[in-house]
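Peer 1:
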Amino acid sequence: MGRWGITLPLTGVPVLDHRALVAELADLGYTDVWSAETAGTDAFTPLALAAQWSDSVRLGTAIAPVYTRGPATLAMTAATLAEVSGGRFVLGIGSSSPVIVQRWNSVPFTEPFKRTRDTLRFLKAALAGEKVTEEYETFSVRGFKLERKPEHRVPIMLAALRPGMLRLAGREADGAITNWLGADDVAKVRAEMGGGELAARIFVCPTEDADAARALGRMLISTYLTVPAYAAFHDWLGRGEALRPMHEAWAAGDRRGAGALIPDEVVDALIVHGSVDECRARVAKYASNGVDTPVIALLPTGADQLDLVRALAPGA
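Residue numbers (our numbering): 1 to 316.
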């Protein structure tokens, strides 16, 4: 295997209780720790801690929204993570969603493609140590220069689902971060990118209770894939008709009924479940189909999550 990542912190596990696990990750075969940012921990603090608990794993945000921090603050935070990790940090940025940006952070969610593109261009200049005075389409910066330029180049990757953002990621960034796709979808996503690294967050539920795994999967799918960007992503991937009953029920206010209308084959494509060995093999399929960095997002099963991370390691 090449790269093999894990999403931390784990659901329900206190941040500081990850120390022993993070120290073991490299020996287990993990190469990467990636964070997330919705309504739990922020994207950066767990990685700053992980940087002190492991001296070898790569650390990445998947993703930091481009709206919820000012451009200069985002650059300073990235530079600090690069410093405390000794150059092992990858900055993953993206538009996030209207709920997170507008409803929870009271920031207008307008022109997400342009805002992400402009933030990428600003960050490339700022993290290279340039003094930035620029009128971008979605914001302007006047006279900003980092006082602590990173000693090592900070790679920047974009959250990308559809062709426009995937092409931007391949053309101007260091790669793309995607999620909510099946292993058989990878080739279509990869083809749009051209060059660059492709990372994918893969939802893994290691249980042989298929009914329980699918029930959890349906809840998550109905929550995420009704977000417009994800709905459009799966239309593009060819699941529009399969997911139409779910969307119609959701739009009518029937949240519970919406999940029940998701076909088993869609759940099974998007949620990796089964024995630990079966799950590891399915994650490896994403890599063989063109994902450079598969990143496991472990779903709760009732088993000890720290032990499951160890069991899902590529060398286990």
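Beta carbons are placed, not taken as given, at the ideal position from N, Cα and C, and that holds for glycine. Quick caveat, the model's predicted, so the values are computed rather than measured.
Looking at the unbroken beta strand (DSSP E) that takes in Ala78, where does it start and where does it end?
Peer 2: Working through the sequence shown from its first residue, we reach residue 78 at position 78. Premise fails: Ala78 lies in the alpha helix (DSSP H), 71 to 84, not in any beta strand (DSSP E).
Peer 1: Quick check on Gly240: buried or exposed, where buried means 16 or more other Cβ atoms within 10 Å of its Cβ?
Peer 2: Within the sequence shown, the letter at position 240 stands for residue 240. Burial call: exposed.
Peer 1: Classify Arg244: buried if its beta carbon has 16 or more other beta carbons within 10 angstroms, exposed otherwise.
Peer 2: Position 244 of the sequence shown, counted from the first residue, corresponds to residue 244. Classification for Arg244: exposed.
Peer 1: Grouping DSSP H, G and I as helix and E and B as strand, with all else coil, what is Phe144?
Peer 2: Here residue 144 refers to the residue found at position 144 when the sequence shown is read from its first residue. Here Phe144 sits in strand by DSSP.
Peer 1: Does the beta-carbon distance from Pro294 to Val283 come in below 8 Å?
Peer 2: Stepping through the sequence shown from its first residue, residue 294 is reached at position 294. Stepping through the sequence shown from its first residue, residue 283 is reached at position 283. In contact: Pro294 and Val283 (Cβ atoms closer than 8 Å).
Peer 1: Which residue's Cα is closest to the Cα of Trp236: Asp211, Asp268, Gly164?
Peer 2: Residue 236 sits at position 236 when you count from the first residue of the sequence shown. The option with the nearest alpha carbon to Trp236 is Gly164.
Peer 1: Per DSSP, which residues does Arg201 bridge with? Please list them.
Peer 2: Translated into positions along the sequence shown, residue 201 becomes position 201. BP columns for Arg201 point to Asn179, Val295.
Peer 1: Have a look at Val57 and Asp307 and give me their C-alpha separation to the nearest angstrom.
Peer 2: Locating residue 57 in the sequence shown gives position 57, where the first residue counts as 1. Locating residue 307 in the sequence shown gives position 307, where the first residue counts as 1. Answer to the nearest angstrom: the Cα atoms are 19 Å apart.
Peer 1: Since His273 is in the beta strand (DSSP E), which residue starts that stretch and which ends it?
Peer 2: As a first step, residue 273 is located in the sequence shown; it is residue number 273 there, counting from the start. Looking at the DSSP string, the run of the beta strand (DSSP E) that includes His273 is 271 to 273.
Peer 1: Just checking, does the region 285 to 292 make contact with the region 181 to 191 on the three C-beta pairs under 8 Å criterion?
Peer 2: With the cut-off at 8 Å, the region 285 to 292 and the region 181 to 191 touch.
Peer 1: Label Phe203 either buried or exposed according to how many other C-beta atoms from any shown protein chain fall within 10 Å of its C-beta, with 16 as the threshold for buried.
Peer 2: For the purposes of this step, residue 203 is taken as the residue at position 203 of the sequence shown. Answer is buried; the Cβ neighbour count reaches 16.
Peer 1: Going by the DSSP bridge assignment, what does Phe113 pair with across the sheet?
Peer 2: Taking the sequence shown and counting its residues from 1, the one referred to as residue 113 is at position 113. Per DSSP, none; premise fails for Phe113.
Peer 1: Classify Glu265 as buried or exposed, calling it buried when 16 or more other Cβ atoms lie within 10 Å of its own Cβ.
Peer 2: The residue given as residue 265 occupies position 265 in the sequence shown. Classification of Glu265: exposed, given that the 10 Å Cβ count is below 16.
Peer 1: Throw me the rounded Cβ distance for the Leu161 and Thr178 pair, which I believe falls under 8 Å.
Peer 2: On the sequence shown, position 161 is the one that residue 161 refers to. On the sequence shown, position 178 is the one that residue 178 refers to. The Cβ separation is near 6 Å, so the contact holds.
Peer 1: With the cut-off set at 8 Å, would you say Leu81 and Phe122 are in Cβ contact?
Peer 2: In the sequence shown, the residue the question calls residue 81 occupies position 81. In the sequence shown, the residue the question calls residue 122 occupies position 122. Result no, Cβ atoms of Leu81 and Phe122 do not sit closer than 8 Å.
Peer 1: Please determine, among Arg69, Thr73, Val141, the residue with the shortest C-alpha to C-alpha distance to Val107.
Peer 2: As a working note, residue 107 is residue 107 in the sequence shown. The shortest Cα separation from Val107 among Arg69, Thr73, Val141 belongs to Arg69.
Peer 1: Does DSSP put Leu161 in a helix, a strand or coil?
Peer 2: Sequence index remark: in the sequence shown, residue 161 carries index 161 (1-based). Coil.
Peer 1: Taking only three categories from DSSP, how would you classify Ile262?
Peer 2: Within the sequence shown, numbered from 1, the residue matching residue 262 stands at position 262. In the structure shown, Ile262 sits in coil (DSSP, three-state: anything other than H, G, I, E or B).
Peer 1: Tell whether a beta-carbon distance below 8 Å holds between Gly194 and Arg171.
Peer 2: Mapped onto the sequence shown, residue 194 falls at position 194. Mapped onto the sequence shown, residue 171 falls at position 171. Cβ distance < 8 Å, so Gly194 and Arg171 count as in contact.
Peer 1: Within this structure, are the beta carbons of Ala231 and Leu198 separated by less than 8 Å?
Peer 2: If you number the sequence shown from 1, residue 231 lands on position 231. If you number the sequence shown from 1, residue 198 lands on position 198. For Ala231 and Leu198, no; Cβs fall outside 8 Å.
Peer 1: Buried or exposed: Thr207, going by 16 or more other Cβ atoms within 10 Å of its Cβ?
Peer 2: Within the sequence shown, the letter at position 207 stands for residue 207. Label assigned to Thr207: buried.
Peer 1: Beta-carbon within less than 7 Å of Arg148's beta-carbon, same chain only, minus the 5 sequence neighbours each way: which residues are those?
Peer 2: Start at 1 with the first residue of the sequence shown, and residue 148 comes out as number 148. Counting only Cβ-Cβ distances below 7 Å, and skipping sequence neighbours, we find Ala79, Glu83.
Peer 1: Can you pull the DSSP bridge partners for Leu308?
Peer 2: Position 308 of the sequence shown, counted from the start, is the residue given in the question as residue 308. Paired residues: none, contrary to the question.
Peer 1: Following the continuous beta strand (DSSP E) through Ser35, name the residue where it begins and the one where it ends.
Peer 2: On the sequence shown, position 35 is the one that residue 35 refers to. Unbroken beta strand (DSSP E) run through Ser35: 32 to 35.
Peer 1: Quick check: the Cα distance between Ile156 and Leu8, rounded to an integer number of angstroms?
Peer 2: Position 156 of the sequence shown, counting from 1, holds the residue named residue 156. Position 8 of the sequence shown, counting from 1, holds the residue named residue 8. Ile156 and Leu8: Cα-Cα distance of roughly 19 Å.
Peer 1: Should Asp27 go down as buried or exposed, given a rule of 16 or more other Cβ atoms within 10 Å for buried?
Peer 2: One-based indexing of the sequence shown puts residue 27 at position 27. By the neighbour-count rule (16 or more Cβ atoms within 10 Å), Asp27 is not buried but exposed.
Peer 1: Provide the residue span of the alpha helix (DSSP H) that contains Thr223, from first to last.
Peer 2: Counting from one through the sequence shown, the residue named residue 223 turns up at place 223. Start and end: 210 to 224.
Peer 1: If you follow the beta strand (DSSP E) that Arg58 is in, where does it begin and where does it stop?
Peer 2: Along the sequence shown, one-based indexing puts residue 58 at 58. Looking at the DSSP string, the run of the beta strand (DSSP E) that includes Arg58 is 58 to 61.
Peer 1: Since I believe Ala173 is in contact with Gly196 (beta carbons under 8 Å), could you give me their beta-carbon distance rounded to a whole number of angstroms?
Peer 2: Within the sequence shown, residue 196 is the residue found at index 196, counting from 1. Within the sequence shown, residue 173 is the residue found at index 173, counting from 1. Contact holds; Cβ gap of about 7 Å.
Peer 1: Taking the alpha-carbon positions, what's the Gly326 to Cys205 distance?
Peer 2: Past the edges of the chain, shown from 1 to 316, lies residue 326, and the structure says nothing about it.
Peer 1: Restricting to Cα atoms, I'd like to know which of Pro98, Arg3, Asp277, Thr110 is closest to Gly60.
Peer 2: Working through the sequence shown from its first residue, we reach residue 60 at position 60. It is Arg3 whose Cα lies nearest to the Cα of Gly60.
Peer 1: Considering Cα atoms alone, identify which of Gly315, Ala316, Val309 is closest to Ile6.
Peer 2: By one-based count along the sequence shown, residue 6 stands at place 6. Nearest of Gly315, Ala316, Val309 to Ile6, Cα basis: Val309.
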